[in-house]
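Note that full-length UniProt numbering has the sequence shown beginning at 1, numbered continuously upward. Just so it is clear, CB atoms sit at the ideal spot from N, CA and C, and this is done for glycine as well. From a predicted model like this one, the values you see are computed outputs, not experimental measurements.
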Amino acid sequence: MTLDQFTPEEGQVARRYDYDDSTVMAVDFGTEQADASVDVVDGTVIVVLADDQYEIELPAGATNPHTFMKNGVLTVELEENL
1 MTLDQFTPEE
11 GQVARRYDYD
21 DSTVMAVDFG
31 TEQADASVDV
41 VDGTVIVVLA
51 DDQYEIELPA
61 GATNPHTFMK
71 NGVLTVELEE
81 NL
């Protein structure tokens, strides 16, 4: 497993975990941001928090990403290691 920070923007803690058969990306927006909307459009994860919008590009070739937000932490699961 390798651990890479993939976006140091805005002070969020962001990590990418590469496993043998999957990749997981996690971004901590903080617990005060627990209510957010998350969508994936054309290889980009779009997160809307109140009046702010964040975009995270998925790795090339990513298909069928699973996204969810819990306690202000966005998790993106990709089934194959990219």
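Best match in the options for proximity to residue i [C-alpha to C-alpha]
i	options	result
residue 79	20, 13 and 14	20
residue 68	41, 47, 17 and 54	47
residue 43	66, 29 and 71	66
Rounded straight-line distance, which links the Cα of residue j to that of residue i
i	j	result
residue 77	residue 18	10 Å
residue 2	residue 64	Unreliable placement is indicated for residue 2, whose pLDDT of 41 sits below 50; no coordinate value is reported for it.
residue 49	residue 41	17 Å
residue 5	residue 61	Summary for residue 5: the model assigns pLDDT 49, below 50, so the residue's position carries little reliability; its value from the coordinates is reported in the next sentence. Going by the C-alpha atoms only, they are around 20 Å apart.
residue 75	residue 32	17 Å
residue 167	residue 53	What is shown of the chain runs 1 to 82, which leaves residue 167 out entirely.
Integer Cβ distance of residue i from residue j, believed to fall under 8 Å
i	j	result
residue 14	residue 27	4 Å
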